[in-house]
């Protein structure tokens, strides 16, 4: 059984939690509770100070896993992804598409315990919720680029995971919970000059531009139950959902929704879950092996909200019933040759 975890650890785990200067301990305890073989980290960022050790490095040591970074010269600290694995790493590659992908896409090729090969892609799509449908258009472009990148893995088992900052068609958005959460942050965290505070958003960042004049009113409405119901209904109609549709139409299986057609599966914010924006997608070759998928609420005495603002998603895949053929570009030398093109 291969266990895969997709986990946005919030600003690389560097944003402190009460009583600590970073979140290595709660993250390590929560991740170790589910014993994953592969962990995709859409926000596997480096520390701001070069002399400071990254939380992802500490997690790799604590969990006894190999760390693969999605660093690239064109991407700053804000735009890094990473992957942890206890499986043998055959090759890895960082994909960049300037002007299209906001963050690089990390590709990691591993050998599973049954001897078969699996390719994992880790992605983090743009948020910019305040841009409304314009932001969704940007995410659609990113998904199209990711599909083009994954085309090289066609015919071989592979998966895509990460933070997509998008809802799937027909799924609920509990906007009232998101509103209460951001208002809570506005009251408890110091304000900054930018849109985000170490990964935590301002209300202005999640509120579409046309609705910003309503900010004072929304703060008042957050205490009115009938108004919250209206906010949920209105947001459900407004939020665009085309990005995830592109992946589904391309044949990728939404692992959680496939096994849990009627559960909300909300992943963010962890403290007051409002929507499902973290996904694991299996390719048509991998999908028949899917055995389980769940949102991890807690583990080893740690609640999800103590470790990050996202809840992780765990998927389990059964061993391949028959040995899979080795693809041509399965060696590090072949990947190096591809990267030079």
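Residue numbers (UniProt numbering): 1 to 341.
A virtual CB, placed ideally from N, CA and C, is assigned to each residue, including glycine.
Item: Contact between the stretch 125 to 138 and the stretch 78 to 87 (3+ Cβ pairs under 8 Å); Value: no
Item: Pair within 9 Å by beta-carbon distance, residue 158 and residue 119; Value: yes
Item: Cα-Cα separation between residue 194 and residue 269, rounded to whole angstroms; Value: Annotation note: pLDDT 43 at residue 194 (below 50); position unreliable, coordinate value reported separately. If I take the Cα positions, the gap works out to 20 Å.
Item: Residues that residue 303 bridges to, as DSSP identifies them; Value: 298
Item: Coil, strand or helix - residue 266 by DSSP; Value: coil
Item: Candidates 317, 320, 7 and 322, of which the one nearest residue 161 by Cα; Value: 7
Item: Of the listed residues 113, 316 and 257, nearest to residue 286 (C-alpha basis); Value: 316
Item: Cβ of residue 39 within 9 Å of any chain B Cβ; Value: The chain inventory of the structure shown lacks chain B, comprising one protein chain alone.
Item: Distance between residue 313 and residue 306 (C-alpha atoms, nearest Å); Value: 16 Å
Item: Own chain partners of residue 100 with C-beta closer than 7 Å, once the 5 adjacent residues on each side are dropped; Value: 141, 142 and 145
Item: Minimum C-alpha distance to residue 272 - residue among 31, 123, 88 and 179; Value: 179
Item: Buried versus exposed, by CB contacts within 10 Å (16 or more), residue 196; Value: The predicted position of residue 196 is uncertain, since its pLDDT is 48 and thus under 50; a value taken from the coordinates is nonetheless stated next. It is exposed - the Cβ of residue 196 has fewer than 16 other Cβ atoms within 10 Å.
Item: Own chain, CB closer than 6 Å to residue 96, minus 5 neighbours either side, in chain order; Value: 72, 74 and 104
Item: Burial state of residue 165 (16 or more Cβ within 10 Å); Value: buried
Item: Continuous beta strand (DSSP E) stretch holding residue 38: start and end; Value: 38 to 41
Item: Straight-line gap, residue 63 to residue 311 (C-alpha atoms, nearest Å); Value: 19 Å
Item: Inter-residue CB distance, residue 34 and residue 296 (contact presumed, cutoff 8 Å); Value: 6 Å
Item: Check whether residue 27 and residue 38 have beta carbons under 9 Å apart; Value: no
Item: Exposed unless 16 or more other CB atoms sit within 10 angstroms - verdict on residue 249; Value: exposed
Item: Extent of the continuous beta strand (DSSP E) run through residue 161; Value: 158 to 163
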